[in-house]
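Here the structure is laid out as structure tokens; the discussion comes afterwards.
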Amino acid sequence: MTLIARVETFLVAPRWLFVRIETDSGVVGWGEATCEGRSETVRTAVQQLSELLVGRDPLRIEDHWQVMTKGSFYRGGPILASAVSGLDQALWDIAGKTWGVPVHQLLGGPVRDRIRMYGWVGGDEPAEVADHIAAQVEAGLTAVKMNASGRMAPVATVAEIDGVVARVAAAREVLGHHGDVAVDFHGRFTLANARRVAPLLEPFRPFFLEEPVLPESSHLMAQFTASTSTPVATGERLYSRQEFLPVLQAGIAVAQPDLSHAGGITETRKIAALAEVYDVQIAPHCPLGPLALAACLQVGFATPNYLIQEQSIGIHYNLGAEVLDYLVDPAPLTFVDGYVERFTGPGLGIEIDETAVRAADARGHAWRGPVWRHADGSFAEW
Ligand SMILES: [Mg+2]
0 MTLIARVETF
10 LVAPRWLFVR
20 IETDSGVVGW
30 GEATCEGRSE
40 TVRTAVQQLS
50 ELLVGRDPLR
60 IEDHWQVMTK
70 GSFYRGGPIL
80 ASAVSGLDQA
90 LWDIAGKTWG
100 VPVHQLLGGP
110 VRDRIRMYGW
120 VGGDEPAEVA
130 DHIAAQVEAG
140 LTAVKMNASG
150 RMAPVATVAE
160 IDGVVARVAA
170 AREVLGHHGD
180 VAVDFHGRFT
190 LANARRVAPL
200 LEPFRPFFLE
210 EPVLPESSHL
220 MAQFTASTST
230 PVATGERLYS
240 RQEFLPVLQA
250 GIAVAQPDLS
260 HAGGITETRK
270 IAALAEVYDV
280 QIAPHCPLGP
290 LALAACLQVG
300 FATPNYLIQE
310 QSIGIHYNLG
320 AEVLDYLVDP
330 APLTFVDGYV
340 ERFTGPGLGI
350 EIDETAVRAA
360 DARGHAWRGP
370 VWRHADGSFA
380 EW
């Protein structure tokens, strides 16, 4: 029987943490445990969890998930869930490579042939937004997402409100009647701001409005969903089925588990099954690296209630390295008319350039999210 021989981690630019599990038969699995701004802490958690894996059968994925997640009296939260996620992805990669099939074949087989992708657009001014969207459309994408605003006062000013509307209006003008624009409130809005702005955006028919309330304020979500006809999305900072349940019950339309934060492939499949009961689609959060993206897509190829996939090629965070830089062959992540074709390679379906990853880890990174302040000097949500 093949056993897990060792677990390694790699802190690589721009802000990612890769996990490598090696077996004594030579099969190697890769995963991504990136927790943006907290990856050094997660690295320590991965190393501690590896005590539970070395010397064990890598194919007992569900059992490993149970023990890693519950095998300590204190549990939960983004650090542990991200560590488990990266290890879980690597175990699925090993399983696929062991049987010589893509992971989606192990999840019940394909339910679709290709997956629609969306990209990020930045820019503070409406004209900048329009230019960035035009570039994404030129690259073949038919859907984009952008932040609604920068810093927002707890009760927004007229200028702040009009700024949000102008940006979304500019996006709709570039996209015409066919493209989609999702608008991310990013936890920057109070419930009052979100309820005031959402009706003003309805004429531009956003694809969805994302994270209208903070993840710790899920008890407010039902008030927001009741206030707008626009589909509501959330979930990048929810880490289990249990944390998704209240927002599903509150009437969201799109659940956004992050494959590197929500317990990996194993838990995301279960979140999707729970979402299906509430007539909710999943659209996994992924402004991360190639391994997280491949894990998202493997779930997407096998999951019926799966809407679209986020990806971060060209995102403003990607300083020093890009999504395709650590791949031997970028071909699986080529977009054609805004879609990715179903992967055919074994495991996660991409091949990591180990030499490039080891060299990048030697350089490391110390990415941190910004700390924002309001005009009066008090803390502001980023
Ligand atoms: Mg978001």
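Everything in the sequence shown is counted per numbering that gives the first Met the number 0, starting at 0 for the first residue and increasing by one. Heads up, the beta-carbon is just placed ideally off N, CA and C, and yes, glycines get one too. Remember, it's a predicted structure, so these values are computed and weren't measured experimentally.
Consider the C-beta atom of residue i and the heavy atoms of ligand 1; say whether any pair is separated by less than 7 Å.
i, result
"His315", "no"
Could you name the residues that DSSP lists as bridge partners for residue i?
i, result
"Glu309", "Tyr117"
"Val253", "Ala232, Gln280"
"Arg74", "Per DSSP, none; premise fails for Arg74."
"Trp28", "The sequence as given places Gly at residue 28; Trp does not occur at that position. Bridge partners of Gly28: Ile20."
"Thr8", "Val18"
"Phe378", "Arg372"
"Asp183", "Asn146, Glu209"
"Leu326", "Ile351"
"Pro125", "Note: Pro125 sits in no beta bridge, so no partner."
"Pro13", "Its beta-bridge partners do not exist; DSSP assigns none."
"Ile3", "Thr22"
"Pro101", "Gly346"
Compute every distance between the C-beta of residue i and the non-hydrogen atoms of ligand 2, then say whether any falls below 7 Å.
i, result
"Met220", "Ligands in the displayed structure: ligand 1; ligand 2 is not one of them."
**Message:** Any residue with its Cβ nearer than 6 Å to a heavy atom of ligand 1 should be included. What is that list in chain order?
**Reply:** Asp183, His185, Glu209, Glu210, Glu235
**Prompt:** In the region 142-178, which residue ranges form an unbroken alpha helix (DSSP H) of at least 4 residues, counting only runs that do not cross its ends?
**Reply:** 157-174
**Prompt:** Where in the region 335-359 do unbroken runs of the beta strand (DSSP E), each at least 3 residues long, occur, reported from the N-terminal end onward?
**Reply:** 338-340
**Prompt:** If you pair each beta-carbon of the region 115-122 with each one of the region 92-105, do three or more pairs fall below 8 Å?
**Reply:** no
**Message:** Would the region 39-46 count as touching the region 74-92 if we require 3 or more Cβ pairs under 8 Å?
**Reply:** yes
**Message:** Pairs of beta-carbons, one from the region 153-162 and one from the region 185-196, closer than 8 Å: are there three or more?
**Reply:** yes
**Asked** Three or more C-beta pairs closer than 8 Å, one from the region 165-177 and one from the region 107-119: is that the case here?
**Response** no
**Request:** Report yes or no: do the region 28-36 and the region 3-20 share at least 3 C-beta pairs separated by less than 8 Å?
**Result:** yes
**Asked** Between the region 322-331 and the region 46-61, do at least 3 Cβ pairs fall closer than 8 Å?
**Response** Too few Cβ pairs lie closer than 8 Å, so no.
**Prompt:** Using 8 Å as the Cβ pair cut-off and three pairs as the minimum, do the region 124-135 and the region 59-67 touch?
**Reply:** no
**Request:** Determine contact between the region 271-289 and the region 241-260, defined as no fewer than three beta-carbon pairs at a distance below 8 Å.
**Result:** yes
**Message:** Check whether the region 0-17 and the region 261-277 touch, using three or more Cβ-Cβ pairs below 8 Å as the test.
**Reply:** no
**Item:** At least 3 beta-carbon pairs within less than 8 Å: the region 365-376 vs the region 333-350
**Value:** no
**Asked** Is the region 242-250 close to the region 220-231, with three or more CB pairs under 8 Å?
**Response** yes
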